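Visitor: The letter at position 33 of the sequence shown is residue 39 when you use the numbering used here, and the numbering goes up by one with no holes. The beta-carbon is built from N, C-alpha and C at its ideal position, and this holds for glycine as well. Quantities reported herein were computed from a predicted structural model and do not represent experimental measurements.
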Amino acid sequence: MGAVETLEPLQLSGALDRFTSFNVTPTIGREFPEASLKTWLQSPDSDILLRDLAITVSQRGVVFFRKQDDMDDKLLKELVQRMGELTWKPKTSGLYIHPFFNAGLPLGGDDNEIDVISTEQNRVVFEHPRMFVKRQTARQEWHTDISHEPVPSDYAVLRLTELPKGGGGDTLWASGYELYDRISKPYQKFLESLSVTFAEPRYNEIAKRLNHQLYTQLRGSPENVGAEFVAVHPVIRTNPVTGWKSLFAAGHYAQHINGLEKSESDHLLQWFTRLITENHDLQVRFRWHNPNDVELWE
7 MGAVETLEPL
17 QLSGALDRFT
27 SFNVTPTIGR
37 EFPEASLKTW
47 LQSPDSDILL
57 RDLAITVSQR
67 GVVFFRKQDD
77 MDDKLLKELV
87 QRMGELTWKP
97 KTSGLYIHPF
107 FNAGLPLGGD
117 DNEIDVISTE
127 QNRVVFEHPR
137 MFVKRQTARQ
147 EWHTDISHEP
157 VPSDYAVLRL
167 TELPKGGGGD
177 TLWASGYELY
187 DRISKPYQKF
197 LESLSVTFAE
207 PRYNEIAKRL
217 NHQLYTQLRG
227 SPENVGAEFV
237 AVHPVIRTNP
247 VTGWKSLFAA
257 GHYAQHINGL
267 EKSESDHLLQ
277 WFTRLITENH
287 DLQVRFRWHN
297 PNDVELWE
């Protein structure tokens, strides 16, 4: 993770072409149903394979693998770190440490660099109404990961260790590239001139309620420190790996588009959310089939 200078977009070498894969939708998602990530990690040409994997994740938004039973936490951490290093990740940056969901929680595991997602834990942490009342909308669940930090993470990995009883637990993504492409050119130009303030005030509020110590030291990048959790980013960002423009100012971390009146900012942020929720063809839905299915995204 980390800011990079403007560089030429990276090109695929074709190293992954020999492995069976398919696009899950035309706009977002790729699956390698038979590939072994551990084999790729330990291959003599692993740098080439992992570099192409990183580029593929950047191009397709998210990439899926099935039944990676031999990929333990250590190997998964090595995987995403090397993917970042092979695509211009600064030497000063490591893996992201979540300020709240870390080893300090009762069900947080023993590794700060791993965010353990637990429904049982979330019930205690959030006291979230959607867990106890009839839910009529989930639109506010959409978010851009780690956007409340000055330097968001680059590549992330999610592994399911236990299938939900009774089904469910699917994960959804939306293509920021496709969101941008569906906006008219004059509006694109206008949005490219704007920045947006992201924030996550709940971490401090919930930590105080639960008497939980937030992690305020370096979190991946030297710029991610402290307990403010407020950051300013462009509304439209250019991915340095692909050179493609993407709508970044979407989701519940986005608080206000800078320089606009509140009504104008609210209108745009609500519109961005509608673009996601009303256009299912720019989304992809992943259904977990097995423990140790893996998702990689950026």
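1. So R88 is in the alpha helix (DSSP H); what residue range does that whole segment cover?
2. Kindly give me the distance between the Cβ atoms of S19 and D58, rounded to whole angstroms, as I take these residues to be in contact under 8 Å.
3. Should V290 go down as buried or exposed, given a rule of 16 or more other Cβ atoms within 10 Å for buried?
4. I242 bridges to which residues according to DSSP?
5. Out of curiosity, what's the CA-to-CA distance linking V157 and A237?
6. What residues in its chain sit with their C-beta under 6 Å from that of G114, if we drop five residues either side in the sequence?
7. How far does the beta strand (DSSP E) with S201 in it extend, from its first residue to its last?
8. Roughly how many angstroms separate the alpha carbons of Q305 and D76, rounded to a whole number?
9. Could you check how far apart the C-beta atoms of L185 and L281 are, in whole angstroms? I think they sit under 8 Å.
10. Per DSSP, which one or two residues make a beta bridge with T177?
11. Looking only at DSSP bridge pairs, what is N29 linked to?
12. If you draw a straight line from the alpha carbon of D272 to that of V68, how long is it in whole angstroms?
13. Can you tell me which of the three DSSP states Q142 falls into?
14. Please name the residue, chosen from Q17, P170, L197, E304, that lies closest to T305 on a Cα-to-Cα basis.
15. What residues match up with R225 in a beta bridge as DSSP calls it?
16. Which whole-angstrom value is the C-beta distance of G35 and R66, which I expect to be below 8 Å?
17. Classify E211 as helix, strand or coil using the three-state DSSP reduction.
18. For E301, which three-state DSSP category applies?
19. My guess is that L153 and Y221 are in contact by the Cβ rule of under 8 Å, so how many angstroms apart are they, rounded?
20. Hey, how far is the Cα of A41 from the Cα of R215?
21. Based on the DSSP output, what are the partners of R165 in its beta bridges?
22. Are the Cβ atoms of A60 and T93 separated by less than 7 Å?
23. List the whole-angstrom C-beta distance separating H149 from G257, where the pair is believed to meet the contact cut-off of C-beta under 8 Å.
24. Give the straight-line distance between the Cα atoms of T98 and G172, rounded to the nearest whole angstrom.
25. Are the CB atoms of L101 and K83 nearer to each other than 7 Å?
26. Answer yes or no: do G90 and D160 have a C-beta to C-beta separation smaller than 7 Å?
27. Where do the N-terminal and C-terminal ends of the alpha helix (DSSP H) with F278 fall, by residue?
28. Can you tell me the Cα-Cα spacing of L166 and Q194, whole angstroms?
29. Using DSSP with H/G/I as helix, E/B as strand and the rest coil, what is V10?
30. Give a yes or no on whether the C-beta atoms belonging to G249 and P15 are separated by under 7 Å.
31. How far does the beta strand (DSSP E) with V63 in it extend, from its first residue to its last?
Guide: Inspection of the coordinates gives the following:
1. 79–91
2. 6 Å
3. buried
4. L253
5. 8 Å
6. N108, V122
7. 201–205
8. Since the first and last residues shown for the chain are 7 and 304, residue 305 lies out of range.
9. 5 Å
10. F292
11. R36
12. 29 Å
13. coil
14. A query on residue 305 cannot be resolved here, the shown segment of the chain reaching from 7 to 304 and no further.
15. S227
16. 6 Å
17. helix
18. strand
19. Looking at the sequence provided, one finds Ser at residue 153 rather than Leu. Actually they are not in contact, since the Cβ atoms of S153 and Y221 sit about 18 Å apart, beyond 8 Å.
20. 44 Å
21. V300
22. yes
23. 3 Å
24. 44 Å
25. yes
26. yes
27. 268–283
28. 37 Å
29. Confidence in V10 is poor, its pLDDT being 46 and thus under 50, which makes the residue's placement unreliable; the coordinate value appears in the next sentence. DSSP places V10 in coil when its eight states are reduced to three.
30. yes
31. Taken as a continuous stretch (DSSP letters only), V63 belongs to no beta strand (DSSP E), being part of the alpha helix (DSSP H) at 52–66.
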